[in-house]
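Asker:
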């Protein structure tokens, strides 16, 4: 079976390369020969400024008047034909230290603009906003994104995979937004040293995106098919500089921080422990495209708390990485394998033992090669030995947008002299992305190494997908050996063969109903010989998207499970379902998402059906009210009723999560998040104050408290103060 998918993958790779990926220069531009791309005729010329540019949200300097305009934005949603109703203009210029953007968005519909808060990295669909996507290496895969909402809230992130934006990344830049009756204006100043790019180039790829919620239109300067996000780097236009960019001076910045904490563990009966310490992060620009990050005694207490879920799964849950140190060029480390078979997962580092120090070298060697090296050392604790984590990754661009990469992951225990105690992974991945972005996929092979050196220490997978305007299809094949061990990765289960076909079709009438269509997918797990089925889930879904931004969908599921271990589906009972027992169930679900443009909006999901040897009923959702742009009140809820035959305990779980988010300006933020979780008998309170008194320089005060539900006795409590400053 795997050889069939391998052959199909290779055939599609040959076809997508041969159909339009030939080398040809961009018309009218004197540059090195480049790969032919979409939207090559959308060219914005940028000239050097003759005078200073003041970031005041006015766009009044003479250089703005002379700058070429990017306008006539094309529709992307609800349909991708025609031009946007409201006029948009973007101009750019630069000097020796930074480049500048001036954005003017006119209104055609009267009334208040939609803007939920001043908080950085806002939710895209909840704000009138401008986003800019830069491909500084012309690989149509990696880049940087900047933006602003109508309130003036900033957006910045690194880009990978052709369209994914990691918003946990921050850099030093400036912007100012001004409101007028008929338009809103944003000016941005982005220092060259804040991003990575190739020295000596006179061309980047770029696109400008606008979300206008009052007209319910998403548009872009260079046209993008509606099935893709406007962040798709395959559909960027060309940013042509009037002269090659000079080699940037070495970037060197230090971010020292001091922190103090008071912690008390009531469960262990301890007293309050006070701790004072310091640390620092250092950023060194080896070249304009290669960055060295160093950290000593890092403190991650300011990272936002994870959103809890009711756990009904047999396997480990996944929580995303949010810590700043691990984020830039993170795809070089975490982009290998599949989401459920990844050899390196940075959250394995520092959550069970303090990190002593670390170093990370990452970036582009030239237009074709990228390199990533990471080394982290954790301290020894009463529960954990000291460990060293080493990751080496190298990636080579192939054809228009594809690449091949190799990774080595080594986890070594440092406190056992004379003994071999390690876990290593070596792997190779090939990522396919066609010129028009309709075909994409992945093929990989990874092998683990440990002192025992047992057989079947491998993982392998193939993924191939087609995404057109109305038709979507994909197939996944994966194998994880019985003895494949990735201690530094995320591999929640092993010893299986997986097949996952998907198919969907969409109708786009663009009337009261903008689009509607169905999808059918199956996820099948077998043993290594494909002669015993372990699990399957088959889902049939139908979805409607309305003109007023309401979304409704529903469907049915069929599940089959053969338990590989004894399992308690409630996670609270002493009773278990026995290993080897089999269960076939059917269930239905319904989802509703209200119009997010309204000050009060909500979403809800309801499901009911079989659950192992019994039944399950579940409803979950979220309600949000905003007093824009200063305050957001949200309430997440989940109720799960599990009915299993005796001797299982009665299991009905409430998970409640009220959240208060106050943004007094684009520099002062306060949030309180309460999570009441009956399944784990815990209520968590997390309060977080942030004052950004200088660019990327912060004062954090974080308070967290945990209580038993019912008795309300405290479990543990902590108060942390952290002060950082960016010297650049």
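Numbering (the working numbering), first residue to last: 2 to 729. By construction, the Cβ of each residue, glycine as well, lies at the ideal position given by its N, Cα and C atoms.
#1: Need the endpoints of the beta strand (DSSP E) that residue 155 sits in, please.
#2: Helix, strand or coil for residue 28, going by three-state DSSP, please let me know.
#3: Taking the alpha-carbon positions, what's the residue 31 to residue 193 distance?
#4: With three or more beta-carbon pairs closer than 8 Å as the criterion, would you say the stretch 140-148 touches the stretch 642-661?
#5: Alpha carbon to alpha carbon, what distance is there between residue 707 and residue 40?
#6: Would residue 475 pass as a contact of residue 503 if the rule is Cβ separation under 9 Å?
#7: DSSP has residue 214 in a bridge; who is on the other side?
#8: Quick one: complete beta strand (DSSP E) runs, 3+ long, within the stretch 184-208?
#9: Taking 9 Å as the threshold (C-beta atoms), are residue 165 and residue 156 in contact?
#10: Using three-state DSSP, classify residue 368 as helix, strand or coil.
#11: Any beta carbon of chain D sitting closer than 9 Å to that of residue 180?
#12: In angstroms with no decimal places, state the Cα-to-Cα distance between residue 43 and residue 496.
#13: State the Cα-Cα distance for the pair residue 650 and residue 643, rounded to the nearest angstrom.
#14: Confirm, please, whether the CB-CB distance from residue 152 to residue 189 is below 9 Å.
#15: Name the two residues that bound the continuous alpha helix (DSSP H) containing residue 66.
#16: Can the beta-carbon of residue 507 be found less than 9 Å from the beta-carbon of residue 472?
#17: Would you say residue 728 and residue 220 are within 9 Å of each other, going by their C-beta atoms?
#18: Where do the N-terminal and C-terminal ends of the beta strand (DSSP E) with residue 333 fall, by residue?
#19: Could you give the C-beta distance for residue 409 and residue 434, rounded to a whole number, given that I count them as a contact under 8 Å?
#20: Going by DSSP, what residues sit across from residue 253 in a beta bridge?
#21: Write down the C-beta distance between residue 344 and residue 379 rounded to the nearest angstrom, noting that I regard them as a contact closer than 8 Å.
#22: Tell me which residue opens and which closes the beta strand (DSSP E) that residue 715 is part of.
#23: For residue 531, which option in 481, 546, 576 and 656 has the closest C-alpha, if you only look at C-alpha atoms?
#24: Output the residue ranges of the beta strand (DSSP E) runs that lie fully inside the stretch 642-670 and measure 3 residues or longer, sorted by chain position.
#25: Sorted by chain position, which residues of the same chain lie with C-beta nearer than 7 Å to residue 110's C-beta, five sequence neighbours on each side aside?
#26: Can you tell me whether residue 17 is helix, strand or coil according to DSSP?
#27: Using only CA atoms, which one of 466, 294, 460 and 605 lies nearest to residue 440?
#28: Quick check on DSSP: helix, strand or coil for residue 354?
#29: Grouping DSSP H, G and I as helix and E and B as strand, with all else coil, what is residue 313?
#30: Hey, how far is the Cα of residue 675 from the Cα of residue 263?
#31: With the cut-off set at 9 Å, would you say residue 159 and residue 328 are in Cβ contact?
#32: When the Cβ atoms of the stretch 70-77 are set against those of the stretch 222-232, are three or more pairs found closer than 8 Å?
#33: Within the chosen definition, does the stretch 280-294 reach the stretch 311-319 through at least 3 CB pairs nearer than 8 Å?
#34: Mind checking whether residue 305 and residue 722 have CB atoms under 9 Å apart?
#35: For residue 422, does the three-state DSSP call read helix, strand or coil?
#36: Helix or strand or just coil, what does DSSP make of residue 45?
Answerer: According to the structure shown:
#1: 155-161
#2: Below a pLDDT of 50, predicted positions are generally treated as unreliable, and residue 28, at 38, falls in that range; no measurement from the model is reported.
#3: Confidence at residue 31 is low in this model, with a pLDDT of 40, below 50, so its placement is unreliable and the value that follows should be read with caution. One C-alpha to the other measures close to 23 Å.
#4: no
#5: 54 Å
#6: yes
#7: None; residue 214 has no bridge partner.
#8: 184-192
#9: no
#10: coil
#11: In the structure shown, chain D does not exist; there is a single protein chain.
#12: 50 Å
#13: 9 Å
#14: no
#15: 63-67
#16: yes
#17: no
#18: First-last for residue 333: 332-335, but that is the alpha helix (DSSP H), not the beta strand (DSSP E).
#19: Contact doesn't hold; Cβ gap of about 24 Å is too wide.
#20: 285
#21: Not a contact, Cβ separation roughly 19 Å.
#22: 715-725
#23: 481
#24: 652-664
#25: 215 and 216
#26: The predicted position of residue 17 is uncertain, since its pLDDT is 49 and thus under 50; no value can be drawn from it.
#27: 466
#28: coil
#29: coil
#30: 20 Å
#31: yes
#32: yes
#33: no
#34: no
#35: coil
#36: strand
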